[in-house]
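Before any comments, here is the structure.
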Amino acid sequence: FADVAFDIDVNLTDGLAHQVEVYGVDWDGFARSERIDVLDATSGAVLDSRTLTGFHGGQYAVWTLRGHVTLRVTRTGGNNAVISGVLFR
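The opening position of the sequence shown corresponds to residue 17 in this note's numbering, with each subsequent residue numbered one higher.
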């Protein structure tokens, strides 16, 4: 977690596409909301964005990714940005 934002570096080096799931839980019910941006790790270009809101019961954001990307989690509401897990398939 972080007050405002944090990055998760994802470097998939096998050349294959992988399902990447980010799981967030607003575990203490502080009405968090956040945006997750997928950035090209080299250029910083935003490739996709997803928003988590009302995720007291947990929510997944799922992408099919390959190569080197950065997942940037940014608080848009509540007291901080949180992610509970990152899963790779």
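Yeah, the Cβ is synthetic: ideal placement off N, Cα and C, and Gly gets one too.
Item to check | Bounding residues of the beta strand (DSSP E) (the contiguous stretch that carries residue 52) | outcome: First-last of the beta strand (DSSP E) with residue 52: 49-56.
Checklist entry - Which residues in the same chain as residue 34 place their Cβ atom closer than 8 angstroms to its Cβ, once the five residues preceding and following it in sequence are excluded? => result 28, 80, 81, 82, 104 and 105
Item to check | residue 77, buried or exposed, once every other Cβ within 10 Å from all chains shown has been counted against 16 | outcome: buried
Checklist entry - Is it right to say residue 50 is buried, meaning 16 or more other beta carbons lie within 10 angstroms of its own, or is it exposed? => result buried
Item to check | Exposure of residue 63, with buried meaning 16 or more beta-carbon neighbours within 10 Å | outcome: exposed
Checklist entry - Hey, residue 86 and residue 55 are a contact pair by Cβ (cut 8 angstroms); roughly how many whole angstroms apart? => result 4 angstroms
Next on the checklist: Measuring straight from C-alpha to C-alpha, what distance separates residue 88 and residue 101?
Outcome noted: 14 angstroms
Next on the checklist: Going by DSSP in three states, residue 28 sits in which element: helix, strand or coil?
Outcome noted: Taken through DSSP and simplified to helix, strand or coil, residue 28 comes out as strand.
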